[in-house]
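Have a look at the structure below before the remarks.
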Amino acid sequence: MDIAILGQVFLGLTLAATAGLRAWLPLLALSVLGHLDVIPLNEQLAWLASPTAIVVLAIATVLEIAADKIPAVDHTMDTLGVVIRPIAGALAMSAAIADVNPLIAITLGIAAGGTSAEVVELSKATTRVVANVTSFGIGGRALSIAEDGLAIGGIILGLLIPLIIGFFVAVLTIVGILSLPKLLRAFRQRQRRTQSPSPS
């Protein structure tokens, strides 16, 4: 595989992983950078670089980041995120792989990008409920701020050193896939715990 294409794949995988933390932030980064011709986007997803997409993704990013700081809302967001964030991760990875056939890029995006985002989302969701329960929501807000930083830092490092960061993300994704049954069990237990009525 050409080194440039490998760099695009690893950048896409890194962006997909950050989508597991913040669904719209990596897509917003791709939109802005694509619009400015800093990085190329896959031709089938070039619409992401349109001004309309930038505005919509910017609004969605701000709303997501703000809502994630509210303990009563972040639970609902994590529940929805199990579906939304893998889709965002797949889109981000597919768009970042510009120099291959669009069908191959989309297939890679769904298989690797969606999986990476889902692993991160499930890990985040199961960790967040423990922080919220044990600290009356304060720990959850602190984790949310840390997740903002990780997402932004991951995007920046993925753009600067895609091969190194992408390899690291790939290893973590593989480990996460092997741990997926445990993550799913923990997520379901978390769901039951939060939905169970408190004893009077």
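Each residue of the sequence shown is one higher than the one before, counting from 132 in this note's numbering. Every residue, glycine too, gets a C-beta built ideally from N, C-alpha and C.
- [ ] Taking all protein chains shown into account, decide if P182 is buried (16 or more other Cβ within 10 angstroms of its Cβ) or exposed.
- [x] exposed
Open item on the list: Please report the straight-line C-alpha distance between L274 and T257, rounded to a whole angstrom.
Closed with: So the two alpha carbons sit approximately 12 Å from each other.
Open item on the list: For a quick check, are the C-beta atoms of A227 and G143 less than 8 Å apart?
Closed with: The Cβ atoms of A227 and G143 lie closer than 8 Å to each other.
TODO: Have a look at L137 and A301 and give me their C-alpha separation to the nearest angstrom.
DONE: Distance between the alpha carbons of L137 and A301 is about 12 Å.
TODO: Go ahead and pull the three-state DSSP assignment for V231.
DONE: coil
Open item on the list: Restricting to runs no shorter than 4 residues, where is the alpha helix (DSSP H) found entirely within the region 197-232?
Closed with: 202-227
Open item on the list: Taking the straight line between their C-alpha atoms, what separation do you get for A317 and D168?
Closed with: Straight-line Cα distance between these residues: approximately 42 Å.
Task: Contact under 8 Å by Cβ, A150 with A236 - done: no
TODO: Spell out a yes or no on whether the region 160-174 and the region 242-252 are touching, meaning 3 or more CB-CB pairs, one atom from each, closer than 8 Å.
DONE: no
Task: Under the three-state DSSP convention, the category P171 falls into - done: In the structure shown, P171 sits in coil (DSSP, three-state: anything other than H, G, I, E or B).
Open item on the list: So, at 6 Å on beta carbons, what are the nonlocal neighbours of Q122 in its own chain, with the 5 sequence-adjacent residues on each side left out?
Closed with: Nothing can be reported for residue 122, as the shown portion of the chain is limited to 132 through 331.
Task: CA nearest to the CA of V214, picked from A154, L288, K313 - done: A154
- [ ] With a threshold of 16 other CB atoms inside 10 Å of the CB of V186, please say whether the residue is buried or exposed.
- [x] In the assembly as shown, V186 is an exposed residue. Its beta-carbon has fewer than 16 other beta-carbons within 10 Å.
TODO: Run the CB neighbour count on T207, radius 10 Å, all protein chains shown included, and call it buried at 16 or more, exposed below.
DONE: T207 should be labelled exposed.
Task: Distance, P217 Cα to I241 Cα - done: 8 Å
Task: Straight-line gap, N173 to A180 (C-alpha atoms, nearest Å) - done: 11 Å
Task: Helix, strand or coil at A154 [DSSP, three-state] - done: The answer is coil: DSSP assigns A154 none of H, G, I, E or B.
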